[in-house]
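Worksheet: the structure to be examined is printed underneath.
Right, here's the structure in full:
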């Protein structure tokens with residue numbers, strides 16, 4: 001049986017920027033709006049939406065974080081070769 005994930009993310013090159021964005025999220029800003037404004041990934045135009053994807057298609061560090069997250073949870077400072085991710089697990 002194939003495991004699928006559904007997630008949004010914000011990709012940043014500087015780890016210090018993750019704290020600012022997490023503060024904004026905790027103060028009521030929408031994840032999608034922050035992704036559009038700050039993310040350095042092409043998915044920014046879609047509010048950081050990565051869609052639904054099968055396990056094994058993303059970087060191991062990214063998927064490991066998703067595996068340990070609950071639906072609706074946000075995790076910060078997930079480091080990959082592309083930078084630092086703030087991840088919102090949707091499914």
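In the numbering used here, the protein residues as written are 1 to 91. A virtual CB, placed ideally from N, CA and C, is assigned to each residue, including glycine. The structure displayed is predicted, hence computed values, not measured ones.
Length of the line joining the Cα atoms of residue i and residue j
i	j	result
residue 25	residue 13	19 Å
residue 92	residue 75	In the structure displayed, the chain extends from 1 to 91; residue 92 sits before or after that span and is not available.
residue 59	residue 27	30 Å
Cβ-Cβ separation, residue j to residue i (assumed contact under 8 Å), whole Å
i	j	result
residue 61	residue 79	6 Å
residue 66	residue 87	7 Å
Per DSSP, the bridge partner or partners of residue i
i	result
residue 80	83
residue 88	8, 74
message = As an exercise, report each continuous beta strand (DSSP E) stretch of at least 3 residues that is fully enclosed by the stretch 6-78, in chain order.
response = Here the runs fully enclosed are 49-54.
The stretch 49-56 in contact with the stretch 3-21 per 3-pair CB rule at 8 Å = The stretch 49-56 vs the stretch 3-21: in contact.
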